[in-house]
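To convert, take the position in the sequence shown, counting from 1, and add 25; that gives the working numbering. Just so you know, even glycine gets a beta-carbon here, dropped at the ideal spot from N, CA and C. Keep in mind that this is a model prediction, so the values were computed, not measured. See below for the structure under consideration.
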Amino acid sequence: MTDGPDYGFDTLQIHAGARPDPATGARQVPIYQTTAYVFRDADHAAALFNLQEVGYIYSRLTNPTVAALQERMATLEGGAGAVCCSSGHAAQIMALFPLMGPGKNVVASTRLYGGTVTQFSHTIKRFGWSATFVDFDDLDAVKAAINDDTRAVFCESIANPGGYITDLDAIAAVADDAGIPLIVDNTSATPYLCRPIEHGATLVVHSMTKFLTGNGTVTGGVVVDSGKFDWSASDKFPSLSAPEPAYHGLKFHETFGPLAFTFHGIAIGLRDLGMTLNPQAAHYTLMGIETLSLRMQRHVENAMEVASWLETHDAVEAVTYAGLPSSPYNHRVEKICPKGAGGLFTVKLKGGYDACVKFVDSLEIFSHVANLGDTRSLVIHSASTTHRQLTPEQQEAAGAGPSVVRISIGIEDPTDLIADLNKALNAVK
Ligand SMILES: *Cc1c(COP(=O)(O)O)cnc(C)c1O
Numbered sequence: 026m027t028d029g030p031d032y033g034f035d036t037l038q039i040h041a042g043a044r045p046d047p048a049t050g051a052r053q054v055p056i057y058q059t060t061a062y063v064f065r066d067a068d069h070a071a072a073l074f075n076l077q078e079v080g081y082i083y084s085r086l087t088n089p090t091v092a093a094l095q096e097r098m099a100t101l102e103g104g105a106g107a108v109c110c111s112s113g114h115a116a117q118i119m120a121l122f123p124l125m126g127p128g129k130n131v132v133a134s135t136r137l138y139g140g141t142v143t144q145f146s147h148t149i150k151r152f153g154w155s156a157t158f159v160d161f162d163d164l165d166a167v168k169a170a171i172n173d174d175t176r177a178v179f180c181e182s183i184a185n186p187g188g189y190i191t192d193l194d195a196i197a198a199v200a201d202d203a204g205i206p207l208i209v210d211n212t213s214a215t216p217y218l219c220r221p222i223e224h225g226a227t228l229v230v231h232s233m234t235k236f237l238t239g240n241g242t243v244t245g246g247v248v249v250d251s252g253k254f255d256w257s258a259s260d261k262f263p264s265l266s267a268p269e270p271a272y273h274g275l276k277f278h279e280t281f282g283p284l285a286f287t288f289h290g291i292a293i294g295l296r297d298l299g300m301t302l303n304p305q306a307a308h309y310t311l312m313g314i315e316t317l318s319l320r321m322q323r324h325v326e327n328a329m330e331v332a333s334w335l336e337t338h339d340a341v342e343a344v345t346y347a348g349l350p351s352s353p354y355n356h357r358v359e360k361i362c363p364k365g366a367g368g369l370f371t372v373k374l375k376g377g378y379d380a381c382v383k384f385v386d387s388l389e390i391f392s393h394v395a396n397l398g399d400t401r402s403l404v405i406h407s408a409s410t411t412h413r414q415l416t417p418e419q420q421e422a423a424g425a426g427p428s429v430v431r432i433s434i435g436i437e438d439p440t441d442l443i444a445d446l447n448k449a450l451n452a453v454k
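Encoded structure:
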């Protein structure tokens with residue numbers, strides 16, 4: 026698609042990044058199932074390796090199917106560029122990699138996907154990085170946690186397992202004052218519901234495994250760069266501002282301007298870490314994104330209806346859907362995700378841990394799986410699964426205590442979902 030005037034989201038989710046295949050005219054983006062690309066001649070090969078000419082060398086770095094998806098995601102998020110990765114967790118490492126170094130830290134919200142808490146609490150320490158977790162509703166605590174070695178601030182827009190919405194503008198202002206980038210995991214919201222760059226985010230990461238692909242078929246991730254951060258304003262980001270020894274002394278920011286982070290992600294991140302998305306997975310994700318807005322509207326409508334009904338059931342202690350007027354985060358919906366609070370929330374059962382386990386086992390339409398953002402409705406008892414590695418305090422802070430079940434509402438008939446939940450809740454009583 027040529028750069029249009031101001032195409033709407035529904036148009037861009039289908040056309041951005043896609044153009045008829047130059048070789049065959051194929052209308053759908055072909056799956057370029059190839060590892061390598063023939064160079065025109067030796068000069069062409071040298072120019073590609075020098076990053077003087079943009080083109081394809083080897084599919085660990087770039088691939089045309091993956092490139093179409095990168096352009097689509099950059100467009101939908103309003104960013105300058107994007108790098109796709111093999112999973113959401115890979116995208117998080119790829120986002121931090123150019124910024125961090127031994128002894129450096131990231132200040133992160135306590136309300137994160139359980140796997141991210143584990144990745145940040147333990148695994149990144151192997152690289153000499155660390156994370157400081159704070160309550161992102163307490164702006165003074167966020168400010169206080171930032172020190173001279175902090176290289177990023179990290180949060181989710183609508184946080185998994187649901188019900189919490191970050192005041193992105195307030196957090197972005199804190200990061201901006203400290204001269205460090207804000208990274209927002211926008212997995213639960215998708216760019217249809219929330220566009221973090223418009224609220225001051227520098228980088229947006231996604232697990233494309235979830236709502237973007239939308240049907241539970243592949244794992245994938247992406248880092249979108251706003252292109253707005255001045256990497257050269259301080260000496261904190263030498264990989265981007267100073268000569269990069271891993272690429273024969275190239276200065277990425279000086280050379281590529283707003284695309285510095287994206288080029289670094291491909292030329293060094295994918296080249297050396299190898300967390301590459303394969304073209305088949307990119308194809309499934311492109312297919313999924315074509316219907317993103319339609320699905321998200323239905324996820325939101327169904328979540329509202331089911332969450333409102335659950336709140337009235339006498340086996341239920343609380344429902345944490347931010348779309349409900351009873352939610353303490355309901356006032357942030359209008360500002361952060363005006364089209365709705367997503368399809369993910371938790372329900373707290375009066376019967377505690379045992380009731381949760383019985384409830385999950387009694388459902389029929391809902392599947393008990395470690396996934397979310399599927400067309401199918403899904404549940405999981407976080408405390409015994411995804412958040413199992415967390416301490417009890419971390420579980421409570423993340424909204425995943427022992428009496429809580431996470432629900433990802435699909436796009437089925439809401440009457441059927443309610444009937445299934447009703448049957449399972451009555452089995453618990
Ligand atoms: C699933 C998820 C991740 C991790 O993504 P994978 O694709 O499973 O690696 C990260 N953040 C959030 C919010 C998620 O839901």
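**Request:** Within the stretch 368-450, note down every full beta strand (DSSP E) run reaching 3 residues or more, in order along the chain.
**Result:** Within the stretch 368-450, the complete beta strand (DSSP E) runs of at least 3 residues are 369-374, 403-405, 429-433.
**Request:** Give the straight-line distance between the Cα atoms of residue 164 and residue 191, rounded to the nearest whole angstrom.
**Result:** By 1-based counting over the sequence shown, the position of residue 164 is 139. By 1-based counting over the sequence shown, the position of residue 191 is 166. If you take the alpha carbons of residue 164 and residue 191, they lie about 11 Å apart.
**Prompt:** When the Cα atoms are used, what is the spatial distance from residue 83 to residue 76?
**Reply:** For the purposes of this step, residue 83 is taken as residue 58 along the sequence shown, with counting starting at 1. For the purposes of this step, residue 76 is taken as residue 51 along the sequence shown, with counting starting at 1. Using only the alpha carbons, I get a separation of about 13 Å.
**Which listed residue (57, 343, 121, 389) has its alpha carbon closest to that of residue 153** = Position 128 of the sequence shown, counted from the first residue, corresponds to residue 153. With distances taken between Cα atoms, residue 153 lies closest to 121.
**Request:** May I ask you to check if the CB of residue 40 is nearer than 7 Å to at least one heavy atom of ligand 1?
**Result:** As a first step, residue 40 must be located in the sequence shown, where it is residue number 15. Not so, every heavy atom of ligand 1 lies at least 7 Å from the Cβ.
**Item:** Among 214, 263, 309, nearest to residue 238 - alpha-carbon criterion
**Value:** Locating residue 238 in the sequence shown gives position 213, where the first residue counts as 1. Ranking the options by Cα distance to residue 238, first place goes to 309.
**Request:** Look at the alpha carbon of residue 118 and the alpha carbon of residue 378, and state the distance between them as a whole number of angstroms.
**Result:** Taking the first residue of the sequence shown as position 1, residue 118 is located at position 93. Taking the first residue of the sequence shown as position 1, residue 378 is located at position 353. Spanning the two alpha carbons is a distance of roughly 33 Å.
**Prompt:** What distance in whole Å lies between the Cβ atoms of residue 347 and residue 358, which are believed to be in contact at a cut-off of 8 Å?
**Reply:** Here the question's residue 358 lines up with position 333 in the sequence shown. Here the question's residue 347 lines up with position 322 in the sequence shown. Indeed they touch by this definition, with Cβ atoms about 6 Å apart.
**Message:** Comparing C-alpha positions only, which one of 107, 87, 108, 173 sits nearest to residue 128?
**Reply:** Walking along the sequence shown from the start, residue 128 turns up at place 103. Minimum Cα distance to residue 128 is reached at 173.
**Asked** When the distance is taken between beta carbons, is residue 230 closer than 8 Å to residue 210?
**Response** Here residue 210 is taken as the residue at index 185 of the sequence shown, counted from 1. Here residue 230 is taken as the residue at index 205 of the sequence shown, counted from 1. Contact: yes.
**Request:** Helix, strand or coil for residue 145, going by three-state DSSP, please let me know.
**Result:** In the sequence shown, counting from the first residue as 1, residue 145 sits at position 120. In this structure, DSSP gives residue 145 a helical state, which the three-state scheme calls helix.
**Prompt:** Fully enclosed by the stretch 67-95, which alpha helix (DSSP H) runs are 4 residues long or longer?
**Reply:** Runs of the alpha helix (DSSP H) lying entirely within the stretch 67-95, each at least 4 residues long, are 67-74 in chain order.
**Message:** What does the Cβ neighbour count give for residue 266, buried or exposed, with the cut at 16 atoms within 10 Å?
**Reply:** Counted from its first residue, the sequence shown places residue 266 at position 241. When all chains shown are included, residue 266 counts as buried.
**Asked** Whose CA, out of 283, 260, 296, lies closest to the CA of residue 272?
**Response** Taking the sequence shown and counting its residues from 1, one reaches residue 272 at position 247. Answer by Cα proximity: 296.
**Request:** Mark residue 147 as exposed unless 16 or more other C-beta atoms lie within 10 angstroms of its C-beta, in which case mark it buried.
**Result:** Mapped onto the sequence shown, residue 147 falls at position 122. Residue 147 comes out exposed.
**Request:** Please state if the CB of residue 143 and the CB of residue 414 are separated by a distance shorter than 8 Å.
**Result:** Taking the first residue of the sequence shown as 1, we reach residue 414 at position 389. Taking the first residue of the sequence shown as 1, we reach residue 143 at position 118. Contact: yes.
**Request:** Could you check what DSSP says for residue 303 in three-state terms: helix, strand or coil?
**Result:** Here residue 303 is taken as the residue at index 278 of the sequence shown, counted from 1. Shown here, residue 303 sits in coil according to DSSP, grouped into three states, outside any helix or strand.
**Prompt:** So is residue 340 buried or exposed if we call it buried at 16+ other beta carbons inside 10 Å?
**Reply:** Along the sequence shown, one-based indexing puts residue 340 at 315. In this structure residue 340 is buried. Its beta-carbon is surrounded by 16 or more other beta-carbon atoms within 10 angstroms.
**Where residue 395 falls, given that 16 or more other Cβ within 10 Å makes a residue buried** = Position 370 of the sequence shown, counted from the first residue, corresponds to residue 395. Residue environment for residue 395: exposed (fewer than 16 other C-beta atoms within 10 angstroms of its C-beta).
**Request:** Given a cut-off of 8 Å, decide if residue 103 and residue 176 are closer than it, judged by their beta-carbon atoms.
**Result:** Working through the sequence shown from its first residue, we reach residue 176 at position 151. Working through the sequence shown from its first residue, we reach residue 103 at position 78. In this structure, the beta-carbon distance from residue 176 to residue 103 does not fall below 8 Å.
**Request:** Look at the alpha carbon of residue 410 and the alpha carbon of residue 404, and state the distance between them as a whole number of angstroms.
**Result:** As a first step, residue 410 is located in the sequence shown; it is residue number 385 there, counting from the start. As a first step, residue 404 is located in the sequence shown; it is residue number 379 there, counting from the start. Their backbone Cα atoms lie some 11 Å apart in a straight line.
**Request:** Count the C-beta pairs between the stretch 95-110 and the stretch 318-326 that are closer than 8 Å, then say yes if the count reaches three, no if not.
**Result:** Cβ pair count under 8 Å is below three, so no.
**Request:** State yes or no: is the C-beta of residue 384 within less than 8 Å of the C-beta of residue 429?
**Result:** What you label residue 384 is simply residue 359 of the sequence shown in a count that begins at 1. What you label residue 429 is simply residue 404 of the sequence shown in a count that begins at 1. Taking a C-beta distance under 8 Å as the contact criterion, residue 384 and residue 429 do not qualify as a contact pair.
**Message:** Along the chain, where does the beta strand (DSSP E) containing residue 24 start, and where does it finish?
**Reply:** Absent from the structure is residue 24, since the part of the chain shown begins at 26 and ends at 454.
**Message:** Just to confirm the assignment: which complete alpha helix (DSSP H) runs, minimum length 4, are found wholly within the stretch 285-372?
**Reply:** Secondary structure remark: continuous alpha helix (DSSP H) runs of at least 4 residues inside the stretch 285-372, in chain order: 285-289, 304-314, 317-336, 355-361.
**Prompt:** Could you give the residue range of the beta strand (DSSP E) that holds residue 269?
**Reply:** The residue you call residue 269 lines up with position 244 of the sequence shown. Premise fails: residue 269 is in no beta strand (DSSP E) and is neither H nor E.
**Request:** Please indicate yes or no: does the CB of residue 421 lie closer than 7 Å to some heavy atom of ligand 1?
**Result:** Mapped onto the sequence shown, residue 421 falls at position 396. For ligand 1, not one heavy atom lies less than 7 Å from the Cβ of residue 421.
**Prompt:** Say the cut is 7 Å; is the CB of residue 232 nearer than that to a heavy atom of ligand 1?
**Reply:** Walking along the sequence shown from the start, residue 232 turns up at place 207. Within the cutoff, so yes.
**Prompt:** Using 8 Å as the threshold, is the stretch 244-262 in touch with the stretch 38-53, meaning 3 or more CB pairs across them?
**Reply:** Output reads no: the stretch 38-53 does not touch the stretch 244-262.
**Item:** Touch test, the stretch 351-369 against the stretch 201-216, Cβ-Cβ under 8 Å, three pairs minimum
**Value:** Yes, the stretch 351-369 touches the stretch 201-216.
**Message:** Once DSSP output is grouped into helix, strand and coil, what is the label at residue 242?
**Reply:** In the sequence shown, residue 242 corresponds to position 217, counting from 1. In the structure shown, residue 242 adopts coil according to DSSP, grouped into three states.
**Item:** From 189, 400, 248, residue whose alpha carbon lies closest to that of residue 236
**Value:** In the sequence shown, counting from the first residue as 1, residue 236 sits at position 211. Residue 400 is the option with its Cα nearest to residue 236.
**Message:** Rounding to the nearest angstrom, what Cα-Cα distance links residue 382 and residue 352 in this structure?
**Reply:** Start at 1 with the first residue of the sequence shown, and residue 382 comes out as number 357. Start at 1 with the first residue of the sequence shown, and residue 352 comes out as number 327. Taking the straight line from one Cα to the other gives about 25 Å.
**Prompt:** Would the C-beta of residue 210 count as close to ligand 1, meaning under 7 Å from any of its heavy atoms?
**Reply:** Translated into positions along the sequence shown, residue 210 becomes position 185. For ligand 1, at least one heavy atom lies less than 7 Å from the Cβ of residue 210.
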